[in-house]
Amino acid sequence: MKKTLTLLLMAITLFFGCNDENAKRIVPKSSSGSLNDITVVVDNLLWENNVGEAIRDTLAAPVEGLSVEEPQFRLRQMPPSVFTGFATKNRTVLKIEKGKPAGTLILSDEFAKPQTVVVISGNTNTEIINEINTNSAKIVDAFKKEELKEKQRRIKKALFNDKDLQEQLGLSLKFPTAYRMAKNEDGFFWLRRDIETGTVDMMLYEVPMSSIRKGDSAVVDVVRLRDSVGKIHIEGPVDGSYMGTENAFTPFISETIIDNKPAFETKGLWDVKNAFMSGPFINYAIEDKVNHRIIIIEGYVFAPSVAKRDYMFELEAIIKSINIK
12 MKKTLTLLLM AITLFFGCND ENAKRIVPKS SSGSLNDITV VVDNLLWENN VGEAIRDTLA
72 APVEGLSVEE PQFRLRQMPP SVFTGFATKN RTVLKIEKGK PAGTLILSDE FAKPQTVVVI
132 SGNTNTEIIN EINTNSAKIV DAFKKEELKE KQRRIKKALF NDKDLQEQLG LSLKFPTAYR
192 MAKNEDGFFW LRRDIETGTV DMMLYEVPMS SIRKGDSAVV DVVRLRDSVG KIHIEGPVDG
252 SYMGTENAFT PFISETIIDN KPAFETKGLW DVKNAFMSGP FINYAIEDKV NHRIIIIEGY
312 VFAPSVAKRD YMFELEAIIK SINIK
């Protein structure tokens, strides 16, 4: 009996001991890193030649819709020999492996959590470059989704009470308490956050389904709508001035999915008519078939003489948290 009990205790100890060891192996440490910073693990010579050029063309391409070029991601290169320890904990990592069969892998939580690691391999420079160019959209999308998720996680730490949005527009939106409700009038909402050099703003409202036509007319209708709403609700600093769309800059428009609903995404520049003010905007027209309407949610920035990419990224992260009831 005593021998049986001893064997049982040994088995239990072994079982839980193995589980502890497995847990240590499979639970990665927390990731770290600044938003939109990518660690690029690649040999120095490859970084300095056409492979590095292909990486920069893909990941450091200018953000659409800004008047001054800013790269979509900041790239921090390091050779494979120093990619150890803390360096492996960055949230977004691109690894280039030369001398292996051509391929592109997108891995989750490989060295830390949360983390996206893209591994691109090829026997030659040409094969590696071909993998980068062929999969460029997929690579950018993987990194951007990881960073949007991280930004939304940070925003959730201190959320504004969106009760009025829920009651009047039938939707919820996760945005931080740093914003204030500048206007709540007849179903139109104007949210603002003061920054050192200006403001970061959002506006939300609904329009009939017929307000935006499909096809080539969509961008015309989006601009017409935002100009008419700006004239009514977003006054400028002098009499007769109001926010509209900068005519000299053609907006970018594309189809996307927001809250599992079809939407138009429009990026461009706004200005204040009869005043010297302008900046970038990102506008989403979301088709809400259940409630027979289109929800318009737009973010824009006024920040003269400073970089605006991070502000626009914040607005995109907030907008993509929308949940229409």
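Position one of the sequence shown corresponds to residue 12 (our numbering), numbered consecutively onward.
Ideal Cβ placement from N, Cα and C applies to all residues, glycine included.
Predicted model only: the values in this text are computed from it and were never measured.
Residue closest to residue i, alpha-carbon to alpha-carbon, out of the options
i: F154; options: K174, Q126, S132; result: Q126
i: S78; options: A314, N334, I333; result: A314
i: L86; options: G110, G44, G76, E121; result: G44
i: L105; options: K111, I117, S221; result: I117
i: V211; options: E108, Y322, R224; result: Y322
i: V317; options: A169, R164, E81, V230; result: E81
i: K300; options: F263, I269, P262, M220; result: M220
i: A229; options: D175, Q88, K109, I264; result: I264
i: N302; options: W58, G181, Y311, L176; result: G181
i: F200; options: K160, H244, I206; result: H244
i: I223; options: I306, K162, R191, F186; result: I306
Whether residue i touches residue j by CB criterion (7 Å)
i: N47; j: F97; result: no
i: E386; j: M214; result: Any property of residue 386 remains undetermined from this structure, which presents the chain solely from 12 to 336.
i: V139; j: V62; result: According to the sequence displayed, residue 139 carries Ile and not Val. Their beta carbons are under 7 Å apart, which means I139 touches V62 by this criterion.
i: R237; j: V74; result: no
i: E266; j: S289; result: no
i: A193; j: R203; result: yes
i: G7; j: F260; result: There is no way to answer for residue 7, as the model of the chain reaches only from 12 to 336.
i: I333; j: L184; result: yes
i: A65; j: I143; result: yes
i: A169; j: T145; result: no
i: T103; j: I49; result: yes
i: S252; j: A274; result: no
i: P90; j: N55; result: yes
i: E217; j: R304; result: yes
Inter-residue CB distance, residue i and residue j (contact presumed, cutoff 8 Å)
i: G247; j: K284; result: 7 Å
i: T99; j: V151; result: About 22 Å; that fails the 8 Å criterion.
i: K272; j: E298; result: 6 Å
i: S132; j: A148; result: That belief does not hold up - the Cβ atoms of S132 and A148 are roughly 19 Å apart, past 8 Å.
i: G255; j: D282; result: 6 Å
i: Q179; j: G198; result: 6 Å
> Three or more C-beta pairs closer than 8 Å, one from the region 319–336 and one from the region 293–300: is that the case here?
Replying inline: yes
>> My parser needs the alpha helix (DSSP H) runs of 4 or more residues fully inside the region 201–270; what are they?
In response: 229–244
>> Quick check on the DSSP output: what are the complete beta strand (DSSP E) runs of length 3 or more inside the region 171–201, in order along the chain?
In response: 191–196
>> Give the list of continuous beta strand (DSSP E) stretches no shorter than 3 residues that lie fully inside the region 36–93.
In response: 48–52, 85–89
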